[in-house]
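Chemist: Quick note on numbering: the sequence shown equals residues 3 to 868 in our numbering. Quick reminder that beta carbons are idealized off the backbone N, C-alpha and C, glycines included. Quick caveat: nothing in here was measured; it's all calculated off a predicted structure.
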Amino acid sequence: MAINTVSRKYTNISFDSIREHLISILKAKGGSLADYSDSSYGRIMLELFAGNADLMAYYAESGFENAFMESATTLSSVYANARMLGYSVRRPVPAKAGIGVQTTRTGAYNTIRVCIPKGTEFTMSGTVLTAMDDMEFFYDRDLDVDKTGLMTHVGGNAVIAEGKFKTVSVVSNGNQNQTFIIPDLAFSDYFGENDPNYADDGNVAHRSAAFTTVSSDATLMDNIDPDVVIDDKLYWRISRRGLIDPAKENIINDIDNFIQGQDNYTVNYTVELSTANDGNVQLKFGDGLKSAIPYGVINVKYFATTGEGGNLLNVAGNTLETTSSRVTITQGDGTESDITLDDLNIALTTDIRSGLDIESRDSIKANAPALFNSLDRLVNRMSYKIFLRRYADVKYATAFGEDILNTKLLNGGIDVKYMNQVRFSALKSLYREKDNTYYPTTADEYFLSGFKVNGLMYTWEYDYQDVEDYNVNTSTENMLARIVKNLNDTLPSGRAPSPTNPFKTSEEITEFVKNYLKAFIPTYPFNYKVFSANLSPMDFVVEGSELYSIMAALNQRGMLTVGGGFHSYVYPSVHNMETHMDVTLYKGNNFTDIKERIKNAVYKYLSDNTEFSTAIYRSKIESIIHKFTEVAGVDVTFSPMDDGYTKLDMSTLDWLGDTTYEYIVPGAISSDGFAYTLQYTVDDSLKQYTLKTQFMVAEQSPMRTRLAEYFKFKIEPNMDKITDRDIDRYVAYIWEQVMQQVYTPIYDAVQSARDSGDSESAKYLYRLMENMKCWDMGSTALTFKDSAVIKSMSEINGTALYDYLKYGMEYIKLVRNVLSYYVTLHLIDENGNITQYSNDNEIVQITIPTDKIDLTVSLESSLLTE
């Protein structure tokens, strides 16, 4: 009959305690009231009274518990407590994917331009996906050497999100402090600061272009500010936490200085949008002074999604259907094309991932107080961890940068190149639970999707210089170009000298420039550390992926203001360890499944306590095993897992060496050197033309020697204490050498053109290096970004450059795999604990092999039982 709770923190009463106290009181009274036997009417009435009091106590307890965030149990109370703390609950996040376009026929015209506006809906097997940005794709039949029909993405973010835009309307009567409910649990997290189009929310144009907009009829508003009106609509600033706009705080009318007959309305047009107690969305307006009051119809446009239900794996490459009339197809110059939607394949380039349901109760209870303390801003390591863990399916997170990386140099100076740059690492869970059983996950389960595994990732931390500034518009350069152009344009048709042009041929003009004007051509500077220049951290991320969503959110929220700061993802270094357990058991116990129970208990502990660069102690794991009543003693040791690379000798794995060929296929490249050909369009102020240029990469034995010497003198002597940071420096050096092999022949061509007086060629060849740095590696070929001078560049007549860069990346991965065993080994300190980390992005996953749990029975316990 009693109603029990786990813990009574406030009233500390129960059915039994009430009954016993009443019996004691009635017994003391004597007479008929003392009749408390089991069959008496008094006993029945007493228990009814005690039961009712217990029920009331339960409701009182529940009310007390739900009044505080820490002890709240119902979702409605958690949502209400979150709002009181100014915490904005993360609503469902759409799953996203990248898309690409392929033409199935080229048509009558050489070029095709496809424009897909934001909001265009696609479908795939019943799933609705919507374009997140205005995107543009371009195709030139002349540049499609392999006739693939693949179009080049040239504008906007080629990302689609699961879900679609919706609009609902509510009506305001003009009263103060109105609250409206949008009854849609699918209302996404794309509003306010988490809106993908969030920029300056004080700019009305930005407000109107957001994913979520709140608009009302401006003609019905009193004292309206005309600067916030577009087509008679007022677009409200959306806040996730309150009605105060900091930009308007000092110009809100003061009610204490109210003057009769004058307008005393606020110009703060802010609406608060939050999660209501039932999980729907709540719109709250102000009192006319703190925040303006709307009148008439209020339209709310938002993005609705199914969250985690939109995640679909193994769908990359699937085609999408659309009947939208908003997709436009033209020629490259915007004129009419004969291509239609039926001639296009629009398909997914990634899986549909990173969708999340509304934030869980436990997440809100853990994060709301912490974010309250940090004012919901990313300002320190802890605030980054909290944000990352609530934004996506992240279990472990760390952030580092700023003063953490501003370390002292050997000469006593300070390395300040990392100022206002934040690096972060994040992983999903290294351990999973299913049916109350824990197990280690695999790499495809715990890594975030969307990171482009290319060699540049290893060097981003060490160099990000741009090409040296060279002003191609100097007066000397332009004067020389005009002279050469005019002389060529005015060559006499009969090739006889004229008073205005003494030359007969173009060759004579070139010779004149070479012999007499060469001294006036500017010198081209060249910094050999340009191998990772002109890239941003977003260039390492696949559009529409899980990591892309996180990077975009960090760039919106992070308080980076100095020196063009950025957020950069650092690939986590996961070290695989295994344990050997010697377990002594008491004789006479039932040892059924003891190994599995030990493993499960340890995995559960690791799941709850593993973190980046955090110590793991033998004693703690041993204490967990000691809690089993069957266990008399235990000894735990750690060791690196043998991943199959430990048998390889790094000193024999030469660059392009015979031994290395067993593990990396070099493709079409040769250690004797090779040629690669680039086709590109030069587009400057004078003219546009397409060129094909061949470059020679030098013989590779000097490269092999340099890499071998680095290993011999800097790595091999320190193998007994090598760290993850040492490997980072080594592979950065490898990649620098690889890229210099690519850049040097281009710069040699620049110098050759300059020495011959060919200023124009020298200029575009120098700028060619900008495009070379902005390469991206597809599955079979390289792609390049356009620059101000060089457009539509591609490798033709083979894939030698692609093969060379691919080999460089595979070589770096081989180096890491071979050396990582020794790094993992050196994480173990002299006491057998895992403590010797060198980088902030290192983490350990432990596997417990069943065959390495050795069980013995204690002799002492045997004697005691005999």
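Suppose you measure from the CA of Leu285 to the CA of Ile183; what does that come to, to the nearest Å?
Modeler: The sequence position of residue 285 within the sequence shown is 283, counting from 1. The sequence position of residue 183 within the sequence shown is 181, counting from 1. So the two alpha carbons sit approximately 6 Å from each other.
Chemist: Measure the beta-carbon distance from Phe426 to Tyr571 and round it to whole angstroms, keeping in mind my assumption that it falls under 8 Å.
Modeler: Here residue 426 is taken as the residue at index 424 of the sequence shown, counted from 1. Here residue 571 is taken as the residue at index 569 of the sequence shown, counted from 1. Their Cβ separation, rounded to whole angstroms, is 6 Å, which keeps Phe426 and Tyr571 in contact under 8 Å.
Chemist: I'd like the span of the alpha helix (DSSP H) that includes Gly810, first residue to last.
Modeler: Within the sequence shown, numbered from 1, the residue matching residue 810 stands at position 808. Residues 802-827.
Chemist: Can you grab the Cα-Cα spacing for the pair Asp56 / Ser16, in whole Å?
Modeler: The residue you call residue 56 lines up with position 54 of the sequence shown. The residue you call residue 16 lines up with position 14 of the sequence shown. Taking the straight line from one Cα to the other gives about 6 Å.
Chemist: List in chain order: all unbroken beta strand (DSSP E) runs of 3+ residues lying wholly within the region 569-656.
Modeler: Counting only runs of 3 or more, we get 569-571, 575-587, 633-642.
Chemist: Would you grab the beta carbon distance between Phe697 and Ala751 for me? Rounded to a whole angstrom, and I think it's under 8 Å.
Modeler: Here residue 697 refers to the residue found at position 695 when the sequence shown is read from its first residue. Here residue 751 refers to the residue found at position 749 when the sequence shown is read from its first residue. Rounded, the Cβ-Cβ distance is 7 Å, consistent with contact.
Chemist: Quick test of your reading: Glu509 and Asn159, contact by CB under 8 Å. State the CB separation rounded to the nearest angstrom.
Modeler: Start at 1 with the first residue of the sequence shown, and residue 509 comes out as number 507. Start at 1 with the first residue of the sequence shown, and residue 159 comes out as number 157. About 49 Å; that fails the 8 Å criterion.
Chemist: Going by DSSP, name the residue or residues bridged to Arg209.
Modeler: By one-based count along the sequence shown, residue 209 stands at place 207. Answer is none; Arg209 lacks a bridge partner.
Chemist: Report back the beta-carbon spacing between Thr581 and Tyr398 to the nearest angstrom; my notes put them in contact at under 8 Å.
Modeler: In the sequence shown, residue 581 corresponds to position 579, counting from 1. In the sequence shown, residue 398 corresponds to position 396, counting from 1. About 20 Å separates the two Cβ atoms, so there is no contact after all.
Chemist: When the Cβ atoms of the region 148-159 are set against those of the region 98-115, are three or more pairs found closer than 8 Å?
Modeler: At 8 Å Cβ cutoff, the stretches touch.
Chemist: CB of Glu812 to nearest heavy atom of the ligand FAD: below 7 Å?
Modeler: With respect to the ligand FAD, the structure shown offers nothing to examine, as it has no ligands at all.
Chemist: Cβ atoms of Tyr81 and Thr277: under 8 Å apart, would you say?
Modeler: Within the sequence shown, the letter at position 275 stands for residue 277. Within the sequence shown, the letter at position 79 stands for residue 81. Going by C-beta atoms, Thr277 is nearer than 8 Å to Tyr81.
Chemist: Quick check on Met795: does DSSP put it in helix, strand or coil?
Modeler: Position 793 of the sequence shown holds residue 795. In the structure shown, Met795 sits in a strand (DSSP, three-state: E or B).
Chemist: Between Asp136 and the rest of its own chain, which residues show a CB-CB distance below 6 Å, the 5 nearest in sequence each way excluded?
Modeler: Start at 1 with the first residue of the sequence shown, and residue 136 comes out as number 134. So the qualifying residues of the chain are Pro119, Lys120, Gly158.
Chemist: Measure the CB-CB distance between Val95 and Asp191 and report whether it falls below 8 Å.
Modeler: Along the sequence shown, read from residue 1 onward, the residue named residue 95 stands at position 93. Along the sequence shown, read from residue 1 onward, the residue named residue 191 stands at position 189. Contact: yes.
Chemist: Using a threshold of 8 Å, state whether the C-beta atoms of Ser339 and Gly109 are closer than that.
Modeler: If you number the sequence shown from 1, residue 339 lands on position 337. If you number the sequence shown from 1, residue 109 lands on position 107. The answer is yes: Cβ separation under 8 Å.
Chemist: Under 6 Å Cβ to Cβ from Glu812, same chain only, skipping five residues before and after it: list those, please.
Modeler: Position 810 of the sequence shown, counted from the first residue, corresponds to residue 812. Correct list, in chain order: Ile666.
Chemist: Please report the distance separating the alpha-carbon of Asn456 from that of Leu549.
Modeler: Taking the sequence shown and counting its residues from 1, the one referred to as residue 456 is at position 454. Taking the sequence shown and counting its residues from 1, the one referred to as residue 549 is at position 547. A caution first: Asn456 carries a pLDDT of 48, below 50, which makes its placement in the model unreliable, though a value can still be read off. Roughly 15 Å separates the two Cα atoms.
Chemist: Which complete beta strand (DSSP E) runs does the region 101-178 hold, if anything under 3 residues is left out?
Modeler: As far as the region 101-178 is concerned, its whole beta strand (DSSP E) runs of at least 3 residues are 113-118, 123-126, 129-133, 137-142, 154-157, 161-164, 166-174.
Chemist: Who does Trp777 pair with in a DSSP beta bridge?
Modeler: The residue given as residue 777 occupies position 775 in the sequence shown. DSSP, once it has assigned bridges, lists Phe786 as partnering Trp777.
Chemist: In this structure, what does DSSP give as the bridge partners for Arg425?
Modeler: Looking up residue 425 in the sequence shown gives position 423. Phe402, Ser570, per the DSSP bridge assignment.
Chemist: Rounded to whole angstroms, what's the CA-CA distance from Ser78 to Ile360? Just pull it up for me.
Modeler: As a first step, residue 78 is located in the sequence shown; it is residue number 76 there, counting from the start. As a first step, residue 360 is located in the sequence shown; it is residue number 358 there, counting from the start. Roughly 13 Å between the two C-alpha positions.
Chemist: Just to confirm before moving on: does the CB-CB distance between Asn347 and Thr321 stay below 8 Å?
Modeler: Working through the sequence shown from its first residue, we reach residue 347 at position 345. Working through the sequence shown from its first residue, we reach residue 321 at position 319. It is a contact, given that the beta carbons lie within the stated cut-off.
Chemist: Just mark Thr122 as buried or exposed, buried being the case when its beta carbon has 16 or more other beta carbons within 10 Å.
Modeler: Looking up residue 122 in the sequence shown gives position 120. When all chains shown are included, Thr122 counts as buried.
Chemist: Can you round the beta-carbon distance between Phe640 and Gly810 to whole angstroms, since I take them to be within the 8 Å contact cut?
Modeler: By 1-based counting over the sequence shown, the position of residue 640 is 638. By 1-based counting over the sequence shown, the position of residue 810 is 808. With 8 Å as the limit, Phe640 and Gly810 do not qualify as a contact, their Cβ atoms being about 34 Å apart.
Chemist: Any contact of the region 614-623 with the region 842-852, i.e. 3+ C-beta pairs under 8 Å?
Modeler: Flag = yes, the region 614-623 and the region 842-852 touch.
Chemist: Would you mind giving the Cβ-Cβ distance between Ala169 and Leu314, rounded to the nearest angstrom? I have them listed as a contact below 8 Å.
Modeler: Position 167 of the sequence shown, counted from the start, is the residue given in the question as residue 169. Position 312 of the sequence shown, counted from the start, is the residue given in the question as residue 314. What sits at residue 169 in the sequence shown is Thr, not Ala. Not a contact, Cβ separation roughly 27 Å.
Chemist: Using a Cβ-Cβ cut-off of 8 Å (strictly less than) and excluding sequence neighbours within five positions of Pro668, which residues of its own chain qualify?
Modeler: Numbered from 1 along the sequence shown, position 666 holds the residue referred to as residue 668. Same-chain partners within the cutoff: Leu658, Asp805, Tyr809.
Chemist: Applying the 10 Å Cβ sphere with the 16-neighbour rule, what's the burial state of Ala445?
Modeler: Along the sequence shown, one-based indexing puts residue 445 at 443. Ala445 is exposed by the Cβ-count criterion.
Chemist: Measure the C-alpha to C-alpha separation of Val302 and Trp238 and round it to an integer number of angstroms.
Modeler: Your numbering for residue 302 matches position 300 in the sequence shown. Your numbering for residue 238 matches position 236 in the sequence shown. Taking the straight line joining both Cα atoms gives about 10 Å.
Chemist: Give the DSSP-derived three-state secondary structure of Thr181 in the structure shown.
Modeler: For the purposes of this step, residue 181 is taken as residue 179 along the sequence shown, with counting starting at 1. Strand at Thr181.
Chemist: If I follow the unbroken alpha helix (DSSP H) through Phe389, where does it start and stop?
Modeler: Taking the first residue of the sequence shown as 1, we reach residue 389 at position 387. 383-393 is the span of the alpha helix (DSSP H), which, as asked, contains Phe389.
Chemist: Are the Cβ atoms of Gly312 and Ala97 separated by less than 8 Å?
Modeler: Stepping through the sequence shown from its first residue, residue 312 is reached at position 310. Stepping through the sequence shown from its first residue, residue 97 is reached at position 95. Taking 8 Å as the Cβ cut-off, Gly312 and Ala97 qualify as a contacting pair.
Chemist: For Phe287, which of helix, strand or coil comes out of DSSP?
Modeler: Numbered from 1 along the sequence shown, position 285 holds the residue referred to as residue 287. Phe287: coil per DSSP, three-state reduction.
Chemist: Would you check if the distance between the CB atom of Thr594 and the CB atom of Glu323 is smaller than 8 Å?
Modeler: For the purposes of this step, residue 594 is taken as the residue at position 592 of the sequence shown. For the purposes of this step, residue 323 is taken as the residue at position 321 of the sequence shown. No; because the gap between Cβ atoms is not below 8 Å, this pair is not in contact.
Chemist: Could you say if the region 631-640 and the region 771-780 meet the contact criterion of at least three C-beta pairs nearer than 8 Å?
Modeler: Verdict: no, contact absent.
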